[in-house]
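Asker: In our numbering, the protein residues as written are 101 to 173.
(1) In this structure, does DSSP put residue 136 in helix, strand or coil?
(2) Please return the same chain residues whose Cβ sits closer than 7 Å to the Cβ of residue 121, not counting the five positions on each side in sequence.
(3) Could you name the residues of the same chain whose beta carbon sits closer than 6 Å to that of residue 163, not counting the 5 residues immediately before and after it, in chain order?
(4) Quick check: the Cα distance between residue 110 and residue 169, rounded to an integer number of angstroms?
(5) With the cut-off set at 8 Å, would you say residue 152 and residue 160 are in Cβ contact?
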């Protein structure tokens, strides 16, 4: 049988780590948007800059992997 105390502790710690990961990811992404000298949204949506979209996607994946590794230990 599952122990409810262990299960609730695990769920709470998981939710806490998810929240921390999302906050760190959001701050890092906002920093990237502020540092770039041009509008990322305009370049990708209006100018159809595929290369920039690939670079930003790679940065997002890299951030996600780093945050995941830091949380996982």
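Note that beta-carbon positions come from the ideal geometry of N, C-alpha and C, so glycine has one too.
Answerer: According to the structure shown:
(1) It is coil, neither helix nor strand.
(2) 167 and 171
(3) The answer, listed in chain order, is 125 and 128.
(4) 18 Å
(5) Not closer than 8 Å, so no.
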